[in-house]
Amino acid sequence: MGLKVVVDFDLCEANARCMEVCPEVFKVDDDDFLHILIEEGPQLEPLREKLREAERVCPRQAITIVES
Ligand code: SF4
């Protein structure tokens, strides 16, 4: 079991709500482009709650946290 972060970049409007909740994974740069710093792997496990929160607060519902 692992986690994977999936973002629909067609929906994302780079408002950085996800970065406020989980800056370990989401970074909006100076050009208003969202980067996923950790896409999958064991480093995501301790961030599970924050990732779920980011998924919840995204106003565009662009984030999906997949259990694989
Ligand atoms: S909260 Fe959603 S819309 Fe905002 S930057 Fe993150 S993924 Fe994009």
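In case it helps, my numbering puts the sequence shown at residues 408 to 475. Backbone N, C-alpha and C fix where the C-beta goes; we use that ideal spot for every residue, glycine too. It should be emphasised that the depicted structure is a prediction, and the values quoted were computed from it without experimental measurement.
Tell me the residue span of the beta strand (DSSP E) that contains residue i.
| i | result |
| --- | --- |
| R462 | Residue identity differs from the one stated: residue 462 is Glu in this sequence, not Arg. Premise fails: E462 lies in the alpha helix (DSSP H), R455 to V464, not in any beta strand (DSSP E). |
| V412 | L410 to V414 |
| E474 | I470 to E474 |
For the candidate residues the options, whose alpha-carbon lies nearest to that of residue i?
| i | options | result |
| --- | --- | --- |
| G409 | L451, F416, T471 and R463 | L451 |
| D437 | V412, N422, E431 and I470 | N422 |
| E447 | D439, F433 and P466 | F433 |
| V414 | P453, E462 and S475 | E462 |
| H442 | S475, E474 and I470 | I470 |
| E439 | R459, F416 and R455 | The sequence shown places Asp at residue 439, rather than the Glu named in the question. Of the listed residues, the one whose Cα sits closest to D439 is F416. |
Could you give the DSSP three-state label for residue i: helix, strand or coil?
| i | result |
| --- | --- |
| L451 | helix |
Determine the direct distance from the alpha carbon of residue j to that of residue i, and round the result to whole angstroms.
| i | j | result |
| --- | --- | --- |
| R424 | P449 | 24 Å |
Suppose the cutoff is 7 Å on Cβ atoms and the five residues either side in sequence are ignored; what does the same chain contact list for residue i look like?
| i | result |
| --- | --- |
| C465 | R424 and C425 |
| E420 | R467 |
Output yes if chain B places a C-beta closer than 9 Å to the C-beta of residue i; else output no.
| i | result |
| --- | --- |
| P430 | Of the protein chains in the structure, only one exists, and it is not chain B. |
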